[in-house]
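Participant: Here you go, one structure.
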Amino acid sequence: MLNQKVLELIKRRRFQLALHSTVYYVYDSNIISDSEYDRLSEELVKLQREYPEESKEAPLYEAFKDYDGSTGFHLTNRLNFHHKALHMIRLKEERNGI
4 MLNQKVLELI KRRRFQLALH STVYYVYDSN IISDSEYDRL SEELVKLQRE YPEESKEAPL
64 YEAFKDYDGS TGFHLTNRLN FHHKALHMIR LKEERNGI
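The opening position of the sequence shown corresponds to residue 4 in the working numbering, with each subsequent residue numbered one higher.
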């Protein structure tokens, strides 16, 4: 039986990393620090290794199946998070008065 909490956490981390990779690699900006990105990456890698069945069932499996946390560059071409990335960048700029 799948652990639904783990499945949801894997999903959340994948979406976060895909979004922040797009912000960083495509738009040369950031919303979170590099250390926070690394922390999220390490957590996802560990979850995927410890819960392979949940990993396979979570969204974006194909894009993340070989993800080792070293880079998210490849995610920007495989997933379309551009609209969300631009929205997050605009929100950050508004918050910072840019």
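By construction, the Cβ of each residue, glycine as well, lies at the ideal position given by its N, Cα and C atoms.
Given the structure is predicted, the values throughout are model-derived calculations rather than measurements.
Among the candidates K14, F18, Y30, whose CA atom is the shortest distance from the CA of L89?
Facilitator: Among K14, F18, Y30, the Cα nearest to that of L89 is on Y30.
Participant: Put K14 into one of helix, strand or coil per three-state DSSP.
Facilitator: K14 falls in the helix class under three-state DSSP.
Participant: Please report the Cβ distance between E46 and L10, rounded to the nearest whole angstrom; I am assuming they are in contact, meaning their Cβ atoms lie under 8 Å.
Facilitator: Rounded, the Cβ-Cβ distance is 14 Å, inconsistent with contact.
Participant: List the whole-angstrom C-beta distance separating L94 from L20, where the pair is believed to meet the contact cut-off of C-beta under 8 Å.
Facilitator: Actually they are not in contact, since the Cβ atoms of L94 and L20 sit about 18 Å apart, beyond 8 Å.
Participant: Please look up how many angstroms separate the CB atoms of R3 and A66, rounded, as I've assumed it's under 8 Å.
Facilitator: The structure shown does not extend to residue 3, since the chain is modelled only from 4 to 101, so the question has no answer here.
Participant: Looking at C-alpha atoms only, which residue of S24, K8, K59 is the closest neighbour of M91?
Facilitator: Out of S24, K8, K59, S24 has the C-alpha closest to the C-alpha of M91.
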